Amino acid sequence: MLCEVECVFKVLFPVNSLNKSGLVAKSQIAARLLYQLSNIRVTEECGYFLAVTELRSIGRGVPDESSTYVLFPVTFCCRTFLPKRGEVMIGTVYYIHERGVFLKCGPMNFIYLSRLKMPNYNFIDGVNPFFLSNDLSRIEKDCVICFMVFAVRWNNRDRARHFHILATIDDASLGPVQLAGSEGLDL
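Note that our numbering has the sequence shown beginning at 4, numbered continuously upward.
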């Protein structure tokens, strides 16, 4: 789900980058904010950061305990992508296994569609494995699939923060999508 949220981040700015009067240009703080957001990428509360839409305010700088940085509280609005249970999305298959397939959708790379959540699909092994349904529709690598989010779990281990999504196509309107000219479509 696309969301518009207001966030407050503390932007770290090196003391040696301040000018002689101790001031910093707003553009430098904004650039530093964007740099920090690109490193964070995603939070459990907000989801994946897509774009900063408005810079509301920049607070007064406070020296950090280490005294090598100054912390500026920055209030901004941004557009985020937060997956929710029951939401319908479109993704691309990038890996097929006999127990299911893995999909990509936007910034999310950990979407799993279990064969248990693909009714009437059977696994066909071979050089290019795929799932074939009773009506002869195929789920294969680079196939575009309309799916529903069945479950969402936040992963915050080490530095790899992301959402794990369990998908389902157990509904009449879900499954492989035929798009004209979908060759090389990168969702």
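C-beta atoms are modelled at their ideal positions from N, C-alpha and C, and glycine is treated no differently.
On a predicted model such as this, the values are computed, not experimentally measured, just so you know.
Buried or exposed: where does residue i fall if 16 or more other Cβ atoms within 10 Å of its Cβ makes it buried?
i	result
residue 121	buried
residue 111	buried
residue 129	exposed
residue 35	buried
residue 94	buried
residue 50	buried
residue 26	exposed
residue 6	exposed
residue 116	buried
Below 8 Å on the Cβ atoms is my guess for residue i versus residue j; work out the distance and round it to an integer in Å.
i	j	result
residue 166	residue 86	5 Å
residue 147	residue 180	5 Å
residue 133	residue 99	6 Å
residue 73	residue 144	The Cβ separation is near 50 Å, so there is no contact.
residue 106	residue 175	So it is not a contact: roughly 20 Å between Cβ atoms.
residue 37	residue 11	Contact doesn't hold; Cβ gap of about 16 Å is too wide.
Between which residues of its own chain and residue i is the CB-CB distance below 6 Å, once the five residues before and five after are set aside?
i	result
residue 57	80
residue 127	133, 135
residue 164	45
residue 64	73, 75
Going by C-alpha distance, which of the options is nearest residue i?
i	options	result
residue 124	156, 173, 91	173
residue 19	70, 153, 50, 93	70
residue 91	38, 149, 54	149
residue 152	129, 143, 177, 145	177
residue 53	63, 93, 42	42
residue 160	60, 142, 47, 8	47
residue 158	84, 102, 5, 113	113
residue 118	142, 109, 108	142
residue 30	140, 60, 101	60
residue 131	155, 139, 108, 101	101
residue 156	88, 21, 140, 22	88
According to DSSP, which residues form a beta bridge with residue i?
i	result
residue 54	82
residue 191	For residue 191 there is no data in the structure shown, the boundaries of the chain being 4 and 190.
residue 116	104, 170
residue 43	Residue 43 pairs with nothing; no bridge assigned.
residue 154	169
Short of 8 Å in beta carbon distance, which residues of its chain neighbour residue i, apart from the five on each side in sequence? Order them along the chain.
i	result
residue 13	74, 75, 76, 77
Give me, in chain order, the residues of the same chain whose beta-carbon lies closer than 7 Å to that of residue i; leave out the 5 immediate sequence neighbours on both sides.
i	result
residue 66	73
So is the beta-carbon of residue i under 7 Å away from any non-hydrogen atom of the ligand GDP?
i	result
residue 173	Only the bare structure without any ligand can be found here, which leaves the ligand GDP out of the picture.
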